[in-house]
Amino acid sequence: MPFARTTLAFMVSASVAALYAQAPSAARLIGTVTTINGNTLTIKTDSGAISTIATTDSTRILRAEPGQKDLSSATPIHVQDLAVGDRILVRASAAAGPNSYTAQTIIAMKQSDIAQKQQQEREDWQRRGAGGIVKSVDPSTGTIIVASGTHTITIHATPRTIVRRYAQDSVKFDDAKTSTLDQIRPGDQLRARGDRSPDGNELNADEIVAGTFRNIAATVLSVNAAAQVITVTDLATKKPVTIHFTPDSQLHRLDPQMAQMIAMRLKGAARQNGVPEQAAARPMPMGGQPQQHSGDLQQVIQRAPTVQISDLHQGDAVMIVATEGSPESATAITLLAGVEPMLQASTKESQSLFSSSWSLGSGGDAAASGAGQPQ
4 MPFARTTLAF
14 MVSASVAALY
24 AQAPSAARLI
34 GTVTTINGNT
44 LTIKTDSGAI
54 STIATTDSTR
64 ILRAEPGQKD
74 LSSATPIHVQ
84 DLAVGDRILV
94 RASAAAGPNS
104 YTAQTIIAMK
114 QSDIAQKQQQ
124 EREDWQRRGA
134 GGIVKSVDPS
144 TGTIIVASGT
154 HTITIHATPR
164 TIVRRYAQDS
174 VKFDDAKTST
184 LDQIRPGDQL
194 RARGDRSPDG
204 NELNADEIVA
214 GTFRNIAATV
224 LSVNAAAQVI
234 TVTDLATKKP
244 VTIHFTPDSQ
254 LHRLDPQMAQ
264 MIAMRLKGAA
274 RQNGVPEQAA
284 ARPMPMGGQP
294 QQHSGDLQQV
304 IQRAPTVQIS
314 DLHQGDAVMI
324 VATEGSPESA
334 TAITLLAGVE
344 PMLQASTKES
354 QSLFSSSWSL
364 GSGGDAAASG
374 AGQPQ
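For what it's worth, the working numbering labels the leading residue of the sequence shown as 4, then goes sequentially.
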């Protein structure tokens, strides 16, 4: 989940910014502690650089809780209280050498505090989250209509609602940028967190994350497990697409019996005359439980066995949610194998069902699941 980086955002608040206004020439670094040797820290900054931070008796070190808006309740600590994995913001004097600094002020967030906050965030996204495919957006009223299977939800945003948008080439919530409602488009995947109405049809959003993603139904052409890449033939365009995988990508394989059950439902819906297309994407009851909305297939996918890239073979049918990427290349968020019966029943309706059921991996739900959720 993204929180490890985004929790340091409070440091740009007015009270914290004042610390840095005192010395315009000071260096400012944000990163994660990788080693500690006496009074010297090594950190990996969020830009990927490795920097050495020396502390002195005059270095001010404060421990802040994730989500703090100022330093009024921050606790003074010593360098010995820091640990590998802690997140820190450093105000330092001018560099003493290449990537070498002497710290004037360090504001730290303990790894354990961040982990606890992450868990709370995940649970809140699961409890108060909802999402689906954007059908319409009205920025003037702050209203977004999303479809989740056959169910629609009205999302209400206010000026206080946090809105983020996924980067075009990334599945990581860390890379999602602050955005606005007018950048959300019909067809986008969207996840929102907030208070829902008693009937579940409306949600007052505290936070929204959205992005434009691709839904690809394909057959596998080749597999390069060492490079974490597969090449597939897109069944819609009949052209090859290179699919890249990251540690955040999720790969699952449906049980053959479950795939057949979903396919039978798709066939039945497709045979009905005059039934809207989305009827084929009705949620499927599982295990004798009462029928729910689009969360059903999402639960099926999450419970399906995970697989490795090496478990895929030429000719396998797959459905993929991926980054927008380019026509020739994309990065996988979720791959579902074992879908041959579904695609034989209806490729279009299978994609519709799949696209409204996945979690924003490495945000909307990356925050909700730890990948993506908006990990």
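Ideal placement from N, C-alpha and C gives every residue a C-beta, glycine not left out.
The alpha helix (DSSP H) that contains residue i, what's its start and end?
| i | result |
| --- | --- |
| P344 | E343 to A348 |
| K120 | Q114 to R131 |
Roughly how many angstroms separate the alpha carbons of residue i and residue j, rounded to a whole number?
| i | j | result |
| --- | --- | --- |
| A307 | T155 | 26 Å |
| I147 | D141 | 6 Å |
| D237 | R268 | 24 Å |
| Q317 | M261 | 22 Å |
| A229 | I336 | 18 Å |
| D314 | M264 | 23 Å |
| G203 | S332 | 38 Å |
| H247 | G88 | 28 Å |
| T249 | A170 | 15 Å |
| L339 | N227 | 18 Å |
| S182 | G214 | 10 Å |
| P79 | S225 | 56 Å |
| E205 | A160 | 11 Å |
| L346 | D185 | 35 Å |
| I64 | I53 | 20 Å |
| G341 | T309 | 12 Å |
| T58 | L92 | 13 Å |
| T157 | D127 | 19 Å |
| N40 | Q311 | 39 Å |
| S200 | G145 | 17 Å |
| Q281 | V232 | At Q281, the pLDDT of 39 sits below 50, so the modelled position is not reliable; the number obtained from the coordinates is stated separately. Answer to the nearest angstrom: the Cα atoms are 32 Å apart. |
| T164 | P259 | 42 Å |
| E343 | T245 | 20 Å |
| Q71 | A133 | 26 Å |
| N276 | I219 | Residue placement at N276 cannot be trusted, given a pLDDT of 39 that sits under 50; what the coordinates show is reported in the next sentence. If you take the alpha carbons of N276 and I219, they lie about 27 Å apart. |
| V149 | I136 | 5 Å |
| D60 | D73 | 24 Å |
| Q83 | M322 | 50 Å |
| P162 | T108 | 34 Å |
| I187 | Q129 | 22 Å |
| R168 | H81 | 38 Å |
With residue i and residue j assumed to form a contact (beta carbons below 8 Å), what rounded beta-carbon distance in angstroms separates them?
| i | j | result |
| --- | --- | --- |
| T43 | T55 | 6 Å |
| A198 | R125 | Checking the displayed sequence, the identity of residue 198 turns out to be Asp instead of Ala. Wrong, their Cβ atoms sit about 18 Å apart, outside the cutoff. |
| L1 | T45 | Here the chain comprises residues numbered 4 to 378, so residue 1 is not present and cannot be evaluated. |
| A86 | A77 | So it is not a contact: roughly 17 Å between Cβ atoms. |
| A95 | A106 | 5 Å |
| A325 | T222 | Going by Cβ atoms, the distance from A325 to T222 rounds to 15 Å, so no, they are not a contact pair. |
| P189 | K138 | 6 Å |
Can you tell me where the beta strand (DSSP E) with residue i in it begins and where it stops?
| i | result |
| --- | --- |
| E205 | E205 to G214 |
| R188 | Careful: R188 lies outside any beta strand (DSSP E) and carries neither H nor E. |
| H316 | Premise fails: H316 is in no beta strand (DSSP E) and is neither H nor E. |
| V82 | Segment: none, V82 is in no beta strand (DSSP E) and carries neither H nor E. |
| S54 | I53 to A57 |
| R66 | R63 to R66 |
| A95 | R90 to A95 |
| G34 | A30 to N40 |
| S332 | S332 to A340 |
| D258 | Run containing D258: none; DSSP gives neither H nor E here. |
| P243 | P243 to H247 |
| A320 | A320 to T326 |
| R167 | I165 to R168 |
| L44 | T43 to T48 |
| T464 | Because the chain is modelled from 4 through 378, residue 464 falls outside the range shown and cannot be assessed. |
| V235 | V232 to D237 |
| S151 | T146 to S151 |
| T157 | H154 to H159 |
On the CB-based measure, 16 or more other CB atoms within 10 Å of its CB, does residue i come out buried or exposed?
| i | result |
| --- | --- |
| P3 | Missing from the structure shown is residue 3; the chain here goes from 4 to 378 and no further. |
| F166 | The sequence given here places Val at residue 166; Phe does not occur at that position. With 16 or more Cβ atoms within 10 Å of its Cβ, V166 is classed as buried. |
| S329 | exposed |
| T62 | buried |
| Q123 | exposed |
| R256 | buried |
| P27 | Because P27 carries a pLDDT of 46, less than 50, the predicted location of this residue cannot be relied on, and no value is offered for it. |
| R217 | buried |
| G3 | Any property of residue 3 remains undetermined from this structure, which presents the chain solely from 4 to 378. |
| G364 | Annotation note: pLDDT 45 at G364 (below 50); position unreliable, no value reported. |
| D251 | buried |
| S143 | exposed |
| Q253 | buried |
| S151 | buried |
| K180 | exposed |
| G51 | exposed |
So with Cβ pairs under 8 Å, would you call residue i a contact of chain D?
| i | result |
| --- | --- |
| D127 | In the structure shown, chain D cannot be found, because there is only a single protein chain. |
Below 8 Å, can you find three or more Cβ-Cβ pairs linking the segment 100-107 to the segment 118-127? Result no; under three Cβ-Cβ pairs closer than 8 Å.
Between the segment 181-195 and the segment 225-244, can you find at least three pairs of beta-carbon atoms closer than 8 Å? No, because fewer than three Cβ pairs between the segment 225-244 and the segment 181-195 fall closer than 8 Å, the two stretches do not touch.
Pairing CB atoms from the segment 204-216 with CB atoms from the segment 241-258, are three or more of them under 8 Å? Judged by Cβ distances under 8 Å, the segment 204-216 makes no contact with the segment 241-258, as fewer than three pairs qualify.
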